[in-house]
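Comments concern the structure below.
So, in structure tokens, the structure goes:
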């Protein structure tokens, strides 16, 4: 999963800066090339939105030059601070979500701020960030400013529900735990099954927990064989998945989920749990789906 460069959506906003900082830390760990991409959208419904622009303002060559200087400086500063890494920047043209989706085809990891400005006009959690995360061809890490500080010393958390997407995400979580030499905390929310409805009280609870743990152990077995040095803890709870995972993110340095779990509606590329995590998690969120 570590093949391919790290692509960073960058526009100079606080969240994009936090995303770049996270991506630099990741590149330092795995030695991959880092590419900063500013997506320059000339025209929006309200006119151009960019550095120093106001609604209704039209861009010109000077505006593009400012963008190129912004990206060039960010790449140069990052390279100066990390001389052992290969870092480059570029300006791309077109709708940000579509361009980043296309660019992710050649990337191994895409890192975004949850909210941007300039070339990322409208990049809010729940809109463009959700679209990019749903359609990207590689794992996506969404970073909010203020969520990457002390959490870096924490464990990796992963949400698993037995779906194909969550099992792929679990492999990514194991890989990150190995890379960072930290424990992995696996979380699974559950609801009582129909076959347990005739049971009452503690009987129903114990039966449900036994079933959930058996399925979870089966999911873990494959990856524990591949990554035997990772210390794994498991949490199962009868709770809403989003709330449980948001709480699990408090002491984590990264939380990993699949794009869509068992609860997702057919045709939905990004489930509601993943969307809520992007908006509310206390650490960066990795959303993984099979290529």
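In our numbering, the protein residues as written are 737 to 1027. Even glycine gets a Cβ: it sits at the ideal position worked out from N, Cα and C. This one's a predicted model, so the numbers in the text were calculated from it and none came from an experiment.
Any idea what DSSP makes of residue 993, helix, strand or coil? DSSP, reduced to helix, strand and coil, places residue 993 within a strand of the structure shown.
Taking the beta carbon of residue 969 as the centre, do at least 16 other beta carbons fall within 10 Å, making it buried, or is it exposed? Flag for residue 969 reads exposed.
Touch test, the stretch 979-986 against the stretch 1014-1026, Cβ-Cβ under 8 Å, three pairs minimum: By the criterion of at least three beta-carbon pairs nearer than 8 Å, the stretch 979-986 is in contact with the stretch 1014-1026.
Whole angstroms is fine: what's the gap from residue 810's alpha carbon to residue 818's? Those two C-alpha atoms are separated by around 12 Å.
Pick out whichever of 837, 834, 814 and 880 has its Cα sitting closest to the Cα of residue 1014. Nearest of 837, 834, 814 and 880 to residue 1014, Cα basis: 880.
DSSP state of residue 971, grouped into three classes? In the three-state reduction of the DSSP assignment, residue 971 falls in the strand class.
Proximity to residue 951 [Cα-Cα], best of 926, 961 and 966: Selected option, being the one with the closest Cα: 926.
What residues are listed by DSSP as bridge partners for residue 745? In DSSP, residue 745 forms a bridge with 773.
Which stretch, first to last residue, makes up the alpha helix (DSSP H) that contains residue 825? Membership of residue 825 in any alpha helix (DSSP H) is not indicated; the residue belongs instead to the beta strand (DSSP E) covering 823-829.
Residue 924: first and last residue of the uninterrupted alpha helix (DSSP H) it sits in: Element bounds for residue 924: not the alpha helix (DSSP H) but the beta strand (DSSP E), 920-925.
Would you report the Cα separation of residue 1035 and residue 949, rounded to the nearest angstrom? Given that the chain is displayed from residue 737 to residue 1027, the structure contains no residue 1035 and the question cannot be resolved.
Would you say the stretch 869-878 touches the stretch 960-975, given that touching needs at least three Cβ pairs under 8 Å? No: the two stretches stay apart, fewer than three of their Cβ pairs being nearer than 8 Å.
Assign residue 771 to one of two classes, buried (16 or more other C-beta atoms within 10 Å of its C-beta) or exposed (fewer than that). By the 10 Å Cβ count, residue 771 comes out buried.
Residue 745, buried or exposed, once every other Cβ within 10 Å from all chains shown has been counted against 16: Buried: at least 16 other Cβ atoms inside 10 Å.
Inter-residue Cα distance where the pair is residue 814 and residue 760: Between the alpha carbons of residue 814 and residue 760 lies a distance of about 8 Å.
Starting from residue 891, trace the beta strand (DSSP E) in both directions and tell me its first and last residue. Per DSSP, residue 891 belongs to the beta strand (DSSP E) from 891-895.
Helix, strand or coil, according to DSSP, for residue 814 in the structure here? Three-state DSSP puts residue 814 in a helix.
Could you give the C-beta distance for residue 901 and residue 920, rounded to a whole number, given that I count them as a contact under 8 Å? At roughly 18 Å, the Cβ-Cβ gap does not stay under 8 Å, so residue 901 and residue 920 are not in contact.
Starting from the Cα of residue 884, find the closest Cα among 803, 756 and 833 and give me that residue. Of the candidates 803, 756 and 833, 756 places its Cα closest to the Cα of residue 884.
Quick check on DSSP: helix, strand or coil for residue 879? Looking at residue 879 - three-state DSSP - the assignment turns out to be strand.
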